[in-house]
Every structure is written in C-alpha cells, then in structure tokens.
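*Asks:*
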Amino acid sequence: MNSGSGVSGGTNRLLDSLPDAPRNRLMAAVSHVRLEPNTVLFEAGQRIDVVDFPRTCVVSLITTFDDGSSVEVASVGNEGIIGVPVVLGGSLAVEAICSLGGWIDRIEAIAFTREVERDVDLHEVVNDYLRSVFNQLSQAVACNRLHSTTERLARWLLSGSDRLATDEFAITHQLLGHLLGSGEATVRRAAQHLQAGRLITLRSGRVTITDRPGLEAVACECYAVIKSELDGVIARAVIRFGGARTPAVRG
356 MNSGSGVSGG
366 TNRLLDSLPD
376 APRNRLMAAV
386 SHVRLEPNTV
396 LFEAGQRIDV
406 VDFPRTCVVS
416 LITTFDDGSS
426 VEVASVGNEG
436 IIGVPVVLGG
446 SLAVEAICSL
456 GGWIDRIEAI
466 AFTREVERDV
476 DLHEVVNDYL
486 RSVFNQLSQA
496 VACNRLHSTT
506 ERLARWLLSG
516 SDRLATDEFA
526 ITHQLLGHLL
536 GSGEATVRRA
546 AQHLQAGRLI
556 TLRSGRVTIT
566 DRPGLEAVAC
576 ECYAVIKSEL
586 DGVIARAVIR
596 FGGARTPAVR
606 G
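Sequential numbering from 356 applies to the sequence shown in my numbering.
Written out as structure tokens, the structure reads:
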C-alpha cells in the first residue's frame, strides 16, 4: 500500500454524482492510496478510522468462519464506499480485503462523518447507498447457497470487469477460492469449464474475458440484480442533483 502523487485514471462514481459543494469538501480532505491485491483494509471487529472511495480497484467484504473457511458477502468498486455504516470508534462484522488492485480516495472517518452530518445531500446519497449494500448482502446469501461455483465465478468476473472498465485484470485461483468460498481446486475446475467454452482465459494470475455475452449467459441472475441495484444509486443521485460528471456505466 502506498500513497501520494502518481495516481492515474478512474474516479469514484458516487463522489462524482454529488453536488459541487460536498464533493469539493470531501476531495479536499482525501489522500490517494494504491492498494495491492490481498491488502487487508480492516479486520472484523477492528476499529474503523478511515473511509475509502475506490477508483480503480475492487474491495471484497469477507465473512470468515470458525473452521477457517470464508466467503465474500459483498464487494465495493467505483460505485461505492468502504467503511460505512461508520460510527466513530465503531467496527464492522466483516473483513475488507482488496481483491483487484488499484487506487482509492481515503478520508479520515471523523472528517467523513462530519460532512455527512452537515450536508443533507451527502446524507441522502450515503443512506441510499447503504440500502443497496444491505440488498446486496441479502442477494449474496441466496447466491452463495443456491448457485454453482461456475455461475458465481462468471458473476464475479463480470462485476470486476464492470468496475475496472476492462476485460483483463489480475486475479488468482487462490484468491477467487477465498472469495467464492469454494476452495482453490473447485474454482480452478470452474475456470477450466469457462475456458473450455472460450468465454475466458485465465493464466499466470491474469484473467481475460473473451466472450462477454457468453459469460453473461452462464452467470447467475444475481449479476444483473446486484448491478442494477448499485447502478440505481448513481442514477438516482444524478437525477436528484442534475450531475453531469458521472461517466457512462459499462455493460
């Protein structure tokens, strides 16, 4: 993890949707931090002192069980916020790890909380986003219980591609197994199935989506449901505030 100058590309769509006044106040207080894959942002029960806005990375919220197994219950990309709901000195019951490396905009939790309390527009956007996160959590429970590893892998790869606006990115079987709760060997077999269908290539720790419509056909319906939910937060904010900075949504 490093910070400072050198950040390039990408913006946070949620920040971009805000009116100029709250957005400018937040941006004046942020620092730019680059996260490498597997970076732990916070552990379950750990005090949260910062709030992060992904720009060119994806962060996974992970639940870990007593036997050491784990599964992703939500993910956050350039449409969202990491570290909320936040109460000063508070914590969350999940671990946050960087699954796809890139840049985030980071702000101290105390400064973020102060802005949310003082600005009704920001408060409304954050509340709307939190509702979408809770809906994503509910969808993930059903998805992890009912859908196959192959379906969930396709869904995860499509979501990562959307967030990064690219069909090629770095991810390993080991990390995917950690996120999908299926084990590395099971994920490897699922990836081989997708490769056999010429939907993706996955080698040397990099995945390339070669047939996006085909991959969408394999993915479970949760991909479209979660994407619609998160995109809806941005769309409502743009309509509410008449924003013009938000880039077009991929997919």
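Each residue gets a CB set at the ideal place from its N, CA and C atoms; glycine is no exception. Please read these numbers as outputs of a predicted model, since none were measured by experiment.
Express the C-alpha separation of A383 and L549 in angstroms, rounding to a whole number.
*Replies:* 44 angstroms
*Asks:* For a minimum of 3 consecutive residues, which ranges assigned as the beta strand (DSSP E) are wholly contained in the segment 527-577?
*Replies:* 555-558 and 561-564
*Asks:* According to the neighbour-count rule (16 or more other Cβ atoms, all chains shown, within 10 Å of its Cβ), is L369 buried or exposed?
*Replies:* buried
*Asks:* Cβ atoms of D476 and K332: under 8 angstroms apart, would you say?
*Replies:* The requested residue 332 is not part of the displayed model; the chain covers only 356 to 606.
*Asks:* Keeping to the same chain, check which residues put their C-beta closer than 7 angstroms to that of L443; ignore five residues upstream and five downstream.
*Replies:* Because the pLDDT at L443 is just 49, under 50, the model does not fix this residue reliably, and the value given afterwards should be weighed accordingly. If we look at L443 and ignore the five residues flanking it on each side, its Cβ neighbours are A464, I465 and T468.
*Asks:* Kindly indicate if chain D contains any beta-carbon less than 8 angstroms away from that of L477.
*Replies:* Here there is only one protein chain, and chain D is not present.
*Asks:* Are the beta-carbon atoms belonging to S430 and S514 less than 8 angstroms from one another?
*Replies:* Cβ atoms of S430 and S514: closer than 8 angstroms.
*Asks:* Along the beta strand (DSSP E) that carries P409, what are the first and last residues, could you check?
*Replies:* V405 to P409
*Asks:* To the nearest angstrom, how far is it from the Cα of F596 to the Cα of S537?
*Replies:* Their backbone Cα atoms lie some 42 angstroms apart in a straight line.
*Asks:* Do you know how far the Cα of R561 is from the Cα of L554?
*Replies:* 14 angstroms
*Asks:* Whole angstroms are fine: how far does the CA of N433 sit from the CA of D375?
*Replies:* 18 angstroms
*Asks:* Unbroken beta strand (DSSP E) runs of length 3 or more, entirely within the segment 442-511: which are they?
*Replies:* 450-455 and 457-463
*Asks:* Put A429 into one of helix, strand or coil per three-state DSSP.
*Replies:* strand
*Asks:* Residues in its own chain within less than 7 angstroms of I459 by CB, not counting five upstream and five downstream?
*Replies:* Around I459: V388, L390, D407, F408, P409, R410 and C412.
*Asks:* With distance defined between alpha-carbon atoms, name the residue in V414, L492 and E479 nearest to V593.
*Replies:* E479
*Asks:* Which of helix, strand or coil does DSSP assign to E584?
*Replies:* helix
*Asks:* For T601, I'd like the list of residues in its chain whose CB is within less than 7 angstroms of its CB, leaving aside the five on either flank, ordered along the chain.
*Replies:* For T601, the pLDDT reaches just 45, beneath the cut-off of 50, and the residue's location in the model is therefore unreliable, leaving the point undetermined.
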